[in-house]
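Have a look at the structure below before the remarks.
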Amino acid sequence: MRKMLLFTTPSFPKYFSQKLSAIGVCYFIVVFSSVADVQKFHLTIKNHVFTPAELVIPANQKVKLIINNNDDVAEEFDSFDLNREKVIFPNKKAVIYVGPLPAGEYEYFGEFHPNSARGKIIVKENSHAN
Amino acid sequence: MLINTVILFLRDLLPLFILFAYCQVIFPTIMFTIKHKIYSVLICLLITFLYWCSAEHISEMFDGAGIEILSIALLLTSYFGLMLVSCFSNNKNNHYITTKRLMIMLGIICFSVIKLSEFTLFFNVYTSNANNWLNLAVGVVIGLGICFSFYILFSYFLKELISKSHQKIVFIFWFLFLAGQVNHIILFLAQIDFISLNRTVVNLSAYLADSSEYGHILNALIGYESSPSQMHINLYSLTLVLPIVIYFTKPLMFKITHSKGGENE
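So the protein lines, in turn, are chains X and G. If you count the first sequence from 1, you need to add 812 to reach my numbering. If you count the second sequence from 1, you need to add 4 to reach my numbering.
Structure representation (structure tokens):
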């Protein structure tokens, strides 16, 4: 009972919560300011095919990938190169954040229809929206 | 279709079988009656069914991040529930048996719901679109066979280690498994832009790719990532070291507590 000194003083919880609140506010300011600048790119799934098959995005920037599933069955956007996987339900859309990525090609596929639903994301330096 | 079905089993069901193998040896002192097991299975199936029915609506919540947030919550609940009980599993105080039992059940149910719901969703789409039922059936048989045989062999391996007084090694493997599973939250958080991942620290995909069968098995066993980022490594280290420190310093803490209790008397 005598051992709990620091953690039971009245000022410690208040000090800790103030610091935590300040850190939390700073974190959310950083997060939301970065979200506001994110470029958006669109992919569409129709007849188990991704369109466009090749999507060009800028290098070293985080981008927002919006995937619209226009089919009547679910599909999963899966990419080992990008380390992303997300189920897109029929006639719904899904949002995935990708990057920042170095220049290169990153393949993805539809888990449920891997033969037809394939594509790649090409990351280029100083590229514009596709 | 055949390969996809087998990979589906390796990815979603194999971790469950590995979890059951560990629970058999890690928690033998905590009695689970048939009633507890039946209740656990029923609750798990019920929650999985509810999850499956409402997944479409959940996916649209929180600006499209609903599924990820729910998965993170379930993974963290499972991790902390199982980790805390296993760290103090040798405590034979009957007063805490019920609490431990509930925490274990909660941990197993949360983990099972994640894996079973993903498996159910995939399997439902596979079966509705399958043009070749024979390939699908063969894939199911092979996948189930791999999972069951892995479970039996792995259980035997763990029991042999326990019988040879290598309990600490078993617990290190167990904590590796828990750390590997809970690290999936990093990908969920990056996917919904809650965190930004740094560049990969090392790329082992040339030696063992994530998409290979061995990659899936290692991912199920220890959370193998062929190209982990710094954040992956940090979280993995934290979620691995924390339970190891608790487990190995637990006798020392109890010794100090009891000696202090003797002094106060």
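Even glycine gets a Cβ: it sits at the ideal position worked out from N, Cα and C. If you're wondering where the values come from, they're calculated on a predicted model, not measured in any experiment.
Cβ of residue i within 7 Å of any chain X Cβ
i, result
"G/Glu-164", "no"
"G/Asp-214", "yes"
"G/Val-29", "no"
"G/Gln-195", "yes"
"G/Glu-217", "no"
"G/Gly-143", "no"
"G/Asn-207", "no"
"G/Val-10", "no"
"G/Leu-106", "no"
"G/Leu-191", "yes"
"G/Val-129", "yes"
Min CB distance residue i to chain G below 7 Å
i, result
"X/Phe-862", "no"
"X/Arg-896", "yes"
"X/Tyr-918", "no"
"X/Val-885", "yes"
"X/Val-875", "no"
"X/Leu-817", "For X/Leu-817, the predicted model reports a pLDDT of 46, less than 50, meaning its position is unreliable; a value from the coordinates is still stated below. Not an interface residue."
"X/Phe-901", "yes"
"X/Phe-889", "no"
"X/Val-935", "no"
"X/Phe-853", "no"
"X/Phe-921", "no"
"X/Tyr-839", "Annotation note: pLDDT 47 at X/Tyr-839 (below 50); position unreliable, coordinate value reported separately. So, not an interface residue."
Spatial neighbours of residue i in its chain, beta-carbon cut-off 8 Å, leaving aside the 5 residues before and after
i, result
"X/Lys-932", "Ala-865, Glu-866, Leu-867, Glu-917, Tyr-918, Glu-919 and Tyr-920"
"G/Ile-71", "Ala-59, Ile-62 and Ser-63"
"X/Leu-894", "Val-910, Leu-913, Tyr-918, Tyr-920 and Ile-933"
"G/Leu-208", "Ser-230 and Ser-231"
"G/Ser-75", "Ile-118, His-188, Ile-189 and Phe-192"
"X/Gln-851", "Ile-869, Pro-870, Gln-873, Val-875, Lys-876 and Ala-941"
"G/Asn-202", "Ser-233, Gln-234 and Met-235"
Neighbourhood of residue i by C-beta, 6 Å cutoff - its chain only, sequence neighbours within 5 removed
i, result
"X/Arg-977", "The first residue shown for chain X is 813 and the last is 942, placing residue 977 of chain X beyond what the model contains."
"X/Thr-863", "Thr-856"
"G/Thr-243", "Ala-183 and Val-186"
"X/Leu-913", "Val-935"
"G/Tyr-240", "Ala-183 and Asn-187"
"G/Leu-12", "Phe-126"
"G/Ser-215", "none"
"G/Ala-194", "Leu-201"
"G/Tyr-26", "Trp-178"
Proximal residues to residue i (C-beta, below 7 Å), its chain only, five neighbours per side dropped
i, result
"G/Pro-19", "Lys-119, Gln-185 and Ala-224"
"G/Thr-124", "Thr-52 and Trp-56"
"G/Ile-47", "Ile-113"
"G/Val-205", "Pro-232, Ser-233, Gln-234 and Ile-237"
"G/Lys-163", "Val-29"
Buried/exposed call for residue i, threshold 16 Cβ in 10 Å
i, result
"X/Leu-817", "Confidence at X/Leu-817 is low in this model, with a pLDDT of 46, below 50, so its placement is unreliable and the value that follows should be read with caution. Counting Cβ neighbours within 10 Å, X/Leu-817 comes out exposed, since fewer than 16 surround it."
"G/Ile-156", "exposed"
"G/Val-249", "exposed"
"G/Met-87", "buried"
"G/Phe-66", "exposed"
"G/Phe-252", "exposed"
"G/Leu-212", "exposed"
"G/Trp-178", "buried"
"G/Ile-42", "exposed"
"X/Phe-853", "buried"
"G/Pro-247", "buried"
"G/Tyr-218", "exposed"
"G/Ser-132", "exposed"
"G/Leu-54", "exposed"
"G/Ser-167", "exposed"
"X/Val-899", "buried"
Limits of the alpha helix (DSSP H) - the one that residue i falls within
i, result
"X/His-860", "Neither: X/His-860 is in no alpha helix (DSSP H) and is coded neither H nor E."
"G/Asn-10", "In the sequence on display, residue 10 of chain G carries Val and not Asn. First-last of the alpha helix (DSSP H) with G/Val-10: 6-12."
"G/Tyr-43", "38-68"
"X/Ile-933", "Per DSSP, X/Ile-933 belongs to no alpha helix (DSSP H); it is in the beta strand (DSSP E), 930-936."
"G/Ile-350", "Nothing in the structure corresponds to residue 350 of chain G, since chain G is present only between 5 and 269."
"G/Tyr-155", "137-167"
"X/Phe-921", "Where X/Phe-921 is concerned, there is no enclosing alpha helix (DSSP H), although the beta strand (DSSP E) it sits in stretches over 916-922."
"G/Val-29", "18-30"
Delimiting residues of the beta strand (DSSP E) encompassing residue i
i, result
"X/Ala-906", "905-910"
"X/Ser-891", "887-891"
"G/Val-205", "Here G/Val-205 belongs to no beta strand (DSSP E), and DSSP marks it neither H nor E."
"X/Val-875", "875-881"
"G/Phe-181", "Not the beta strand (DSSP E): G/Phe-181 falls in the alpha helix (DSSP H), residues 171-186."
"G/Arg-15", "Per DSSP, G/Arg-15 belongs to no beta strand (DSSP E) and is neither H nor E."
"X/Ile-900", "896-900"
Near-chain G residues of the segment 903-916 of chain X - C-beta to any C-beta below 8 Å: Lys-904, Lys-905, Ala-906, Val-907, Ile-908, Tyr-909, Pro-912 and Pro-914
Residues of the segment 67-87 of chain G whose Cβ lies closer than 9 Å to any Cβ of chain X, in chain order: Asp-67, Gly-68, Ala-69, Ile-71 and Glu-72
The segment 35-66 of chain G: positions lying closer than 8 Å to chain X by Cβ: Ala-59, Glu-60, Ser-63 and Glu-64
Contacting positions in the segment 13-24 of chain G - beta carbon closer than 7 Å to chain X: none
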